[in-house]
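First residue of the sequence shown? That's 730 in the working numbering, and the numbers climb one at a time after it.
The C-beta atom is built at its ideal place from N, Cα and C for all residues, glycine as well.
Since this is a predicted model, take the numbers as computed values, not measurements.
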Amino acid sequence: MTQLAAASSAVLTAQDSLVLASMQSGVETQLVMDWLGQQRARNPDVKFDVLKLPADASPATLNLLVDQLASGEDRSIVPVRVFWLPAPDRGRVAKLAGLLPGWDPYHPNARRQRHIVRNDPYRARVVAGEAAKVSELREQWQDRTVGEDERDFAEFVTRRALLALERAEYRILGPQYKSPRLLKPEILASTRFRAGLKAIPGATVDEAGKMLDELATGWSRVSVDLVSVLARAVCRGFDPNIDYDTFQVAAMRNALEIHPAVLLFSHRSYIDGAVVPVAMQENRLPPVHVFAGINLSFGLMGPLLRRSGVIFIRRHIANNPLYKYVLREYVGYIVEKRFNLSWSIEGTRSRTGKMLPPKLGLMSYVADAYLDGRSEDILLQPVSIGFDQLHETAEYAAYARGGEKTPEGVLWLYNFIKAQGERNYGKIYVRFPEAVSMRQYLGPSHGPLAHDQDAKRLALQKMSFEVAWRILRATPVTATGLVCALLLTTRGAALTLDQLHHTLQDSLDYLDRKGTPVSTSALRLRTRDGVRAAVDALSNGHPITRVDSGREPVWLIAPDKEHAAAFYRNSVIHAFLETSIVELALAHARNVDGDRMAAFWAQAMRLRDLLKFDFYFADSVAFRANIAEEMAWHDGWQAHVATGGEEIDAMLFAKRPLMADAMLRVFFEAYEIVADVLSDAPADVGQQELTEMALGVGRQYVAQTRVRSSESVSTLLFATARQVVADQDLIAPAPDLAERRMAFRRELRGILRDFDYVENIARNQFIAREYRARQERAARRAG
């Protein structure tokens, strides 16, 4: 026995024992004494002494424990208390009432205790933590803490007793009630923590303790019960049944029984932070402790979220070595005790609908905990969270046009929850693809990466990109994304139900061939009724407009709704990214003089390089293999590409679907606007100045129809475009800077001409399909 661990049995072993009993009322005292009498009757030759647990008694009780521990007897220490089970099948009102004083079902007041013992005695259960000998506990205390006297030892034993009781109780309730306790005193008392604290100039234990108070969180049992109630309030407007993959849930449950995990979720909405703990609770999985920016700790939200597993962290900590150290040790403690953490792998919400690059800050702290040997392995569990619709797209559209972010606060929260109840937003989709092993990427603990920061950072980058890649591959394609992608290509022209239906089939066929996950709503697009349901759900400007004053209704996306629609379109681009690059590479190779196959591959790799700041790609070898697989739809494709001209025309006309224009044009238009602005901008132009100039030029080009839609004029897209031009070395001063900027702009305009070429073939496909459809309808009428 190495510690006071949880025990499901409330029967003492046949050895002399000191029982530390938590007794906070006369009812509990009587129950514990009755139970102790039963133990003495079973073991008449065993000595049982009982002492009130010091945490529940006066300071003088700690002195009694000091005397008992110093007696020289190597007895077993056994913690005991009464565990009050809540009534089964409690409703929402009862769970909310648990917040009121005296109504906590896990800590009923004396009056309710008497009622329970009289009417529901099965709900009052005496539990005992597993015993540990005084000698074992003393050895742990000396090895792990900075304690110096017997009083410190007694406090250590008290903490061990409380932790043992917590473990005993959550095993009764289930893993979803597991939560770290006594975190602050445990960390502050550890020799490890104190040693590191001495290395920080000016650092004090008191200041570190205040930082731990700021970070402190924990799932109270009442808050665990309330999670689904409160989250449903935030998530109202969505289907109450979250869409899970049950096989993935079962696999994750097995994995979490072996190793602690970090759940890294995609982040498109504030709702994500509520979805993750709800998903864990509904599937009876251990709870997660979600990191969030301290900007969300306002009003009553702060205390409430802290009790719901949220850890608030400061935004800017680069110049605060003590805070970084405390946060690092906090993360290490959580991992060592096998609790689970969670945060957005992107670090912030994606306002474009596509995933952002991963952030490595918190990940490095978890890696340090693993490399320090605090866990045999740590699982990085990808979590994909998707939505049919979000009301936040209106905010994102305003931000893309140059608006300011709304600061969080009580009024903001009220408006957010109010907006959630204004209409039906469809379903929430949660997927848990296979976890990534930290050990696999970082090697053994205490290995070479523990001392090589550059190598560790590279490994973290590869590991994080693998997590993000798995999130993308598991994210179901939604009907919302497919419909918005189609209507955005018409540039404001409306389509009938039949046109929408038959055009969408090519995309569905492609997704089926590739085995891409799709939502139920996307599967329903196979039928006209399913298409009608999808566009009606998006109608009334959300973001589709329906015009039904004529012979039949038609649907379109108005210019002022293009940014909102783009959010949904962007959420499905990953499924069509490589096939879109194929189309552009073919268009480029069509008129090349010389080796067209070499030109095809060179352009595919060039497009991958230009888009690397906007999208996730497989490594270059895997990417080439994926492109070759995409080309396998056409027999003898190499020979046709080598011939060029009309051969490539025929290849593209036969290809279904053609997606480049629908998926990627706006990104290259944004790049081209920024490149155009750079033609007369100074070297070292700043991000803000470049964005403002690009917004102005972009609005001019929209008015002149020099770009296809206002969607390309976006602060969000310009931010990435700034990264692209910096990567092309077009910002820093150089003698040939002007010439290289002009050459880059010419290259982008050439790529946009390739978009025009592919778009023209796609239009011809649509016309041919329309002609066949009219003929079929005429034949049916004639028949």
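Residues sharing a beta bridge with residue i, DSSP
{"i": "phenylalanine 994", "result": "Ser1073 and Val1112"}
{"i": "phenylalanine 777", "result": "Ser746"}
{"i": "alanine 853", "result": "Trp813"}
{"i": "tyrosine 1158", "result": "Asp972 and Gly1115"}
{"i": "serine 1079", "result": "Its beta-bridge partners do not exist; DSSP assigns none."}
{"i": "leucine 1285", "result": "Thr1274"}
{"i": "phenylalanine 967", "result": "Gly1155"}
{"i": "threonine 874", "result": "Ser919"}
{"i": "isoleucine 1402", "result": "None; isoleucine 1402 has no bridge partner."}
{"i": "serine 1026", "result": "Answer by DSSP bridge pairing: none, since serine 1026 is not bridged."}
{"i": "valine 1165", "result": "Leu1109"}
{"i": "isoleucine 806", "result": "Leu747 and Ala861"}
{"i": "valine 1350", "result": "According to DSSP, valine 1350 bridges with nothing at all."}
Nearest candidate by alpha-carbon position, reference residue i, set the options
{"i": "alanine 1223", "options": "Ala1318, Leu814, Val1039 and Glu1281", "result": "Glu1281"}
{"i": "serine 1441", "options": "Lys1290, Arg1335 and Arg1469", "result": "Lys1290"}
{"i": "valine 1453", "options": "Phe1344, Thr1372 and Ala1389", "result": "Phe1344"}
{"i": "serine 754", "options": "Asp774, Pro773, Arg771 and Lys781", "result": "Lys781"}
{"i": "methionine 1562", "options": "Gly1022, Pro1173 and Lys1053", "result": "Missing from the structure shown is residue 1562; the chain here goes from 730 to 1512 and no further."}
{"i": "alanine 1361", "options": "Thr1372, Val1311 and Glu1376", "result": "Val1311"}
{"i": "arginine 1328", "options": "Glu1359, Val1370 and Ala1354", "result": "Here residue 1328 turns out to be alanine, not arginine, going by the sequence shown. The shortest Cα separation from alanine 1328 among Glu1359, Val1370 and Ala1354 belongs to Val1370."}
{"i": "serine 1113", "options": "Gly1090, Asn1144, Ile1157 and Leu1091", "result": "Ile1157"}
{"i": "arginine 847", "options": "Gly1415, Gly1427 and Leu760", "result": "Leu760"}
{"i": "glycine 1138", "options": "Gly1031, Val1276 and Arg771", "result": "Gly1031"}
{"i": "histidine 1120", "options": "Glu986, His1271, Asn1012 and Asp878", "result": "His1271"}
{"i": "aspartate 1390", "options": "Val1159, Leu917, Thr1372 and Asp1483", "result": "Asp1483"}
{"i": "leucine 914", "options": "Gly931, Arg900 and Leu892", "result": "Note on identity: in this sequence residue 914 is proline, with leucine being the wrong assignment. Of Gly931, Arg900 and Leu892, the residue nearest in Cα terms is Leu892."}
{"i": "arginine 1035", "options": "Gly938, His988, Leu944 and Gly966", "result": "Leu944"}
{"i": "glutamine 797", "options": "Val1276, Lys927 and Asp745", "result": "Asp745"}
{"i": "alanine 816", "options": "Gly1373, Arg841, Ala1098 and Leu1237", "result": "Arg841"}
{"i": "valine 795", "options": "Val863, Gln1234 and Leu1100", "result": "Val863"}
beta-carbon residue i near the ligand SAH non-hydrogen atom, thresh 7 Å
{"i": "histidine 1369", "result": "This structure simply doesn't include the ligand SAH, nor any ligand for that matter."}
Beta-carbon gap between residue i and residue j smaller than 8 Å
{"i": "threonine 887", "j": "serine 919", "result": "no"}
{"i": "valine 991", "j": "leucine 1109", "result": "yes"}
{"i": "serine 671", "j": "glycine 1115", "result": "Absent from the model: residue 671. The displayed extent of the chain is 730 to 1512, so no value can be given."}
{"i": "arginine 1130", "j": "histidine 1317", "result": "no"}
{"i": "valine 1395", "j": "alanine 1450", "result": "no"}
{"i": "isoleucine 1490", "j": "leucine 1381", "result": "yes"}
{"i": "valine 807", "j": "glycine 766", "result": "no"}
{"i": "alanine 883", "j": "leucine 791", "result": "yes"}
{"i": "alanine 1214", "j": "methionine 1392", "result": "yes"}
{"i": "leucine 1419", "j": "leucine 1459", "result": "no"}
{"i": "serine 1309", "j": "methionine 1192", "result": "no"}
{"i": "threonine 1122", "j": "phenylalanine 1296", "result": "yes"}
{"i": "valine 1017", "j": "asparagine 1069", "result": "yes"}
{"i": "arginine 1437", "j": "glutamate 1398", "result": "yes"}
{"i": "leucine 1477", "j": "glutamate 1401", "result": "yes"}
{"i": "phenylalanine 922", "j": "glutamate 1075", "result": "no"}
{"i": "proline 1353", "j": "glycine 1210", "result": "Correcting the residue type first, residue 1353 is arginine in the shown sequence and not proline. Not closer than 8 Å, so no."}
{"i": "lysine 1520", "j": "tyrosine 1125", "result": "Because the chain here runs from 730 to 1512, residue 1520 falls outside it and cannot be looked at."}
{"i": "isoleucine 929", "j": "proline 1050", "result": "yes"}
{"i": "valine 1196", "j": "valine 1165", "result": "yes"}
{"i": "serine 1079", "j": "arginine 997", "result": "yes"}
{"i": "alanine 1203", "j": "proline 1288", "result": "no"}
{"i": "alanine 1448", "j": "aspartate 1413", "result": "no"}
{"i": "alanine 1008", "j": "isoleucine 971", "result": "yes"}
{"i": "isoleucine 1273", "j": "isoleucine 1286", "result": "yes"}
Host beta strand (DSSP E) of residue i (start-end)
{"i": "phenylalanine 1041", "result": "1039–1042"}
{"i": "alanine 860", "result": "Looking at the DSSP string, alanine 860 is not in any beta strand (DSSP E), and its letter there is neither H nor E."}
{"i": "alanine 1294", "result": "Not the beta strand (DSSP E): alanine 1294 falls in the alpha helix (DSSP H), residues 1291–1299."}
{"i": "alanine 1021", "result": "1017–1022"}
{"i": "proline 788", "result": "Premise fails: proline 788 lies in the alpha helix (DSSP H), 788–798, not in any beta strand (DSSP E)."}
Start-to-end residues for the alpha helix (DSSP H) that takes in residue i
{"i": "tryptophan 1141", "result": "1139–1149"}
{"i": "tryptophan 1330", "result": "1325–1339"}
{"i": "valine 1007", "result": "1001–1011"}
{"i": "arginine 1482", "result": "1466–1511"}
{"i": "glutamine 1429", "result": "1416–1432"}
{"i": "glycine 1259", "result": "1257–1266"}
{"i": "lysine 939", "result": "934–944"}
{"i": "serine 1053", "result": "At residue 1053 the sequence reads lysine, which differs from the serine that was named. From DSSP, the alpha helix (DSSP H) with lysine 1053 extends over 1050–1065."}
{"i": "asparagine 848", "result": "839–848"}
message: In chain order, what are the residue ranges of uninterrupted beta strand (DSSP E) at least 3 long that sit wholly in the region 1189–1236?
response: none
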